[in-house]
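Protein chains in written order, with this note's numbering: chain F, 1 to 264; chain E, 1001 to 1203. Think of the CB as a built atom: it goes at the ideal place given N, C-alpha and C, for glycine as much as any other residue. Note that the structure is a prediction, hence the values are computed from the model and not measured.
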Amino acid sequence: MSEQSALQIRNVSKVFELGGGKSVQAVQDISFEVEQNSICVLLGPSGCGKSTVLRMMAGLETPSDGDIVIGGRTVDGPGQDRGMVFQAYTSFDWMSVRKNVEFGMKINGVPAAARAERAERFINLVGLGKFADVYPSQLSGGMRQRVAIARTLANDPEVLLMDEPFGALDAETRWLMQELMVNVAEQTNTTMVIVTHDLEEAIFLADKIVFLSSHPGRLKEEIKPAFKKGERIADKEKVVKLDGYGDLEAHLMRLMREEGRGTS
Amino acid sequence: MERGFGSDVLISISRVLGAFAMACAVAVPLGVMMGAFPSVEAIFAPFVSAWRYLPAPSFIPILLMWFGTGEAPKLALLFIGVIFFLITLIMDHTKNVRQELVETALTLGASRATVVMKVVFPAVLPDIVVAMRQMLAMAWTYLVIAEIVASTTGIGAMMMRARRFLKTDEILSGIIVIGVLGLLFDLLFAMLHRWAFPYLRKN
């Protein structure tokens, strides 16, 4: 393999105990790799366990079986090397945007000067330069997600994990944020794993799509959007017009439909 | 009467604030710990819940027996009158801190202790101040009970003295003063809330 993998998921299963002797299998024997500096999108219908897989990568859930390896170390609990952005807003409301972005660095002992400089850089990167000293409650939903992204990136993780990060945003904010993520990936060389159920979002962002089937979540197909020819294009209009975009979307729709059959 | 009304009022205020400060000093850390750590809750919750159902004034005889007739029994009554409610309220508010905030801090590399100190506590602090504001009103109730039953000083005792001389006006003015003081402290708490948590202001 030419590309080095940042993250390996090896035969991972997850069973949730519901109490009273009942249990549910959320994820069954999933294995895949996330290449260094790539954007990997976990796609699938609701109930396919994609969020569970992401939470296990973050160390917020423990696999029932198998293991997850990052940079040669087996994941055992959450840590600074795997930053996570949630769908719900997670800004610390009592701190300014700047303090929010500095938070991770502060608890990890980064000196004040370096902290301020890095915070400035990432606040500008996500386009919040004018709002650095404002409280998050004064920002719109999209801007709050930008704070969360800047905060996570400023903490210098090896992998950025995102759980439906734009799910709560309106349509135009959503694709602006998607374009922002492509730019961020290009400028920071961060490995990203993004969970979504949105086909367009998956095709636009992904260097690789990992499609999971539902009940229980199993790996159905790994897809590299070949039509992008290995390029990242931070312009949604351009991507939509490329040859092969429609074919891939149709293919993913078919996969979704197969999964939906019988469950709804 | 050699003692003025003013000194009775000051004595009452100092009793309320003294006992309430002590109750908060215990209830805030304990309530937050119980809300943040199920193991801590498991240790203290049965005790705290049981005490909440015991009317504080029922302890007056034993408090008088143990602490004599000085300031101690009055402060103790106020203390046990508010602390168990305060602990429960703070614990419940702490449990309501959104899990995503905790998980965000963990994935930024925070330890459990850091999460509690730097995320859970500041997140719940505005609710703690609201709970304190509510419970301070209750502290006034217990103060008056303590002063009527077992005191020669304070607003409550003053009202009981006035009763002996059938001075209805003094009794009524005692009630009004208690009401005004309550309102004043409530306002102070509202101002504290506004000043301490500017980020909660709606534009």
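Give the secondary structure of Gln36/F by DSSP, where H, G and I count as helix, E and B as strand, and everything else as coil.
Here the question's residue 36/F lines up with position 36 in the first sequence. Note: Gln36/F maps to coil in three-state DSSP.
Could you check whether the Cβ of Gly1179/E sits closer than 8 Å to any Cβ belonging to chain F?
Reading the second sequence from its first residue, position 179 is the one you call residue 1179/E. Cβ-Cβ to chain F under 8 Å: no for Gly1179/E.
Interface residues of chain F facing Val1119/E [CB-CB closer than 8 Å]:
As a working note, residue 1119/E is residue 119 in the second sequence. Per Cβ cutoff of 8 Å: Phe92.
Is there contact here, the segment 1100-1115 of chain E with the segment 1158-1173 of chain E, by at least three beta-carbon pairs under 8 Å?
no
Check the C-beta distance from Val1129/E over to Val1032/E and give it rounded, since I have them as a contact under 8 Å.
One-based indexing of the second sequence puts residue 1129/E at position 129. One-based indexing of the second sequence puts residue 1032/E at position 32. With a Cβ gap of about 13 Å, Val1129/E and Val1032/E do not count as contacting.
For the segment 1017-1067 of chain E, which segments carrying the beta strand (DSSP E) assignment without a break, of at least 3 residues, lie completely within its bounds, in sequence order?
none
Are Leu18/F and Val27/F closer than 8 Å when you measure CB to CB?
On the first sequence, position 18 is the one that residue 18/F refers to. On the first sequence, position 27 is the one that residue 27/F refers to. Not closer than 8 Å, so no.
Closest Cβ-Cβ distance between Leu125/F and chain E: below 8 Å?
Residue mapping note: residue 125/F aligns to position 125 of the first sequence, counting from 1. It does not: the Cβ of Leu125/F has no partner Cβ on chain E nearer than 8 Å.
Please list, in chain order, the residues of the segment 40-72 of chain F that have any C-beta partner in chain E closer than 7 Å.
Ala58, Leu60
Counting pairs of Cβ atoms below 8 Å between the segment 161-179 of chain F and the segment 213-223 of chain F, do you hit three or more?
no
Three-state class that DSSP yields for Glu1103/E in the structure shown
On the second sequence, residue 1103/E is found 103 positions in, with the first residue counted as 1. It is helical.
Cβ-heavy atom distance, Ala1076/E to the ligand FMN, below 7 Å:
Here there are no bound small molecules, and the ligand FMN is not part of this structure.
Of the residues that make up the segment 1035-1065 of chain E, which ones have a beta carbon closer than 8 Å to any beta carbon in chain F?
none
Return the first residue and the last residue of the beta strand (DSSP E) that Lys14/F is part of.
For the purposes of this step, residue 14/F is identified with residue 14 of the first sequence, where counting begins at 1. From DSSP, the beta strand (DSSP E) with Lys14/F extends over 5-19.
Min CB distance Gly79/F to chain E below 8 Å
On the first sequence, residue 79/F is found 79 positions in, with the first residue counted as 1. Yes, contact with chain E.
Can you name, in chain order, every residue of its own chain whose Cβ lies under 8 Å from the Cβ of Gly1174/E, other than the five neighbours on each side?
Translated into positions along the second sequence, residue 1174/E becomes position 174. Ile1155, Gly1156, Met1158, Met1159, Ala1162, listed in sequence order.
Round the Cβ separation of Thr190/F and Leu153/F to the nearest angstrom and send it over; I've been treating them as touching at under 8 Å.
To locate residue 190/F, count along the first sequence from 1; it is residue 190. To locate residue 153/F, count along the first sequence from 1; it is residue 153. About 7 Å; that satisfies the 8 Å criterion.
Taking a contact to mean a Cβ-Cβ separation below 8 Å, would you say Leu1078/E touches Val1177/E in this structure?
The residue you call residue 1078/E lines up with position 78 of the second sequence. The residue you call residue 1177/E lines up with position 177 of the second sequence. Result no, Cβ atoms of Leu1078/E and Val1177/E do not sit closer than 8 Å.
Would you call Val12/F buried or exposed, if buried means 16 or more other Cβ atoms sit within 10 Å of its Cβ?
Along the first sequence, one-based indexing puts residue 12/F at 12. The residue is buried, with at least 16 neighbouring Cβ atoms inside 10 Å.
Proximal residues to Gln8/F (C-beta, below 6 Å), its chain only, five neighbours per side dropped
As a working note, residue 8/F is residue 8 in the first sequence. Excluding residues within five positions, the ones whose Cβ falls inside 6 Å are Glu33, Val69.
Could you tell me the distance, in whole angstroms, from the CA atom of Arg82/F to the CA atom of Ile1013/E?
Working through the first sequence from its first residue, we reach residue 82/F at position 82. Working through the second sequence from its first residue, we reach residue 1013/E at position 13. Approximately 53 Å between the Cα atoms of the pair.
Residues of chain F with a CB under 7 Å from the CB of Thr966/E: which are they?
With chain E represented from 1001 up to 1203, any question about residue 966/E goes unanswered, as that position is not in the structure.
Chain F residues whose Cβ lies nearer than 7 Å to that of Ala1110/E:
Against the second sequence, residue 1110/E aligns to sequence position 110. Near Ala1110/E (Cβ distances below 7 Å), the residues of chain F are Ile107.
Give a yes or no on contact between the segment 51-65 of chain F and the segment 133-140 of chain F, applying the rule of three or more CB pairs nearer than 8 Å.
no
Closer than 9 Å between beta carbons: that is the criterion. Which residues of the segment 139-169 of chain F meet it against chain E?
Ala148, Arg151, Thr152, Asn155, Pro157, Leu161
Which of helix, strand or coil does DSSP assign to Asp1008/E?
Numbered from its first residue, the second sequence carries residue 1008/E at position 8. Correct three-state label for Asp1008/E: helix.
DSSP three-state call for Ser191/F: helix, strand or coil?
Numbered from 1 along the first sequence, position 191 holds the residue referred to as residue 191/F. The sequence shown places Thr at residue 191/F, not Ser. Thr191/F: strand per DSSP, three-state reduction.
8 Å Cβ cutoff, Leu1192/E in contact with chain F
For the purposes of this step, residue 1192/E is taken as residue 192 along the second sequence, with counting starting at 1. No, Leu1192/E lies away from the interface with chain F (no Cβ there is under 8 Å from its Cβ).
With 8 Å set as the bound, which would you pick, yes or no: does the beta-carbon of Met177/F sit closer than that to a beta-carbon of chain E?
Residue 177/F sits at position 177 when you count from the first residue of the first sequence. No, Met177/F does not count as interfacial toward chain E.
Against chain F, does Thr1104/E count as a neighbour if the rule is that its beta carbon must be under 8 Å from one of theirs?
Reading the second sequence from its first residue, position 104 is the one you call residue 1104/E. Yes, Thr1104/E lies at the interface with chain F (some Cβ there is under 8 Å from its Cβ).
DSSP bridge partner residues for Ser213/F (one or two, in chain order):
For the purposes of this step, residue 213/F is taken as residue 213 along the first sequence, with counting starting at 1. Bridge partners of Ser213/F: Arg218/F.
Supposed close pair Ala202/F, Val53/F - CB separation, criterion 8 Å:
Your numbering for residue 202/F matches position 202 in the first sequence. Your numbering for residue 53/F matches position 53 in the first sequence. Wrong, their Cβ atoms sit about 15 Å apart, outside the cutoff.
Looking only at its own chain, which residues have a Cβ that is under 6 Å from the Cβ of Tyr89/F, when we skip the five neighbours before and after it?
For the purposes of this step, residue 89/F is taken as residue 89 along the first sequence, with counting starting at 1. Excluding positions up to five away in sequence, the list reads Arg144.
For Gly1182/E, which of helix, strand or coil comes out of DSSP?
Start at 1 with the first residue of the second sequence, and residue 1182/E comes out as number 182. Three-state DSSP puts Gly1182/E in a helix.
Buried or exposed for Phe204/F, please, with buried defined as at least 16 other CB atoms from any protein chain shown within 10 angstroms of its CB.
As a working note, residue 204/F is residue 204 in the first sequence. Buried, since its Cβ has 16 or more Cβ neighbours within 10 Å.
To which residues does DSSP link Gln25/F through a beta bridge?
Taking the first sequence and counting its residues from 1, one reaches residue 25/F at position 25. Note: Gln25/F sits in a beta bridge opposite Val15/F.
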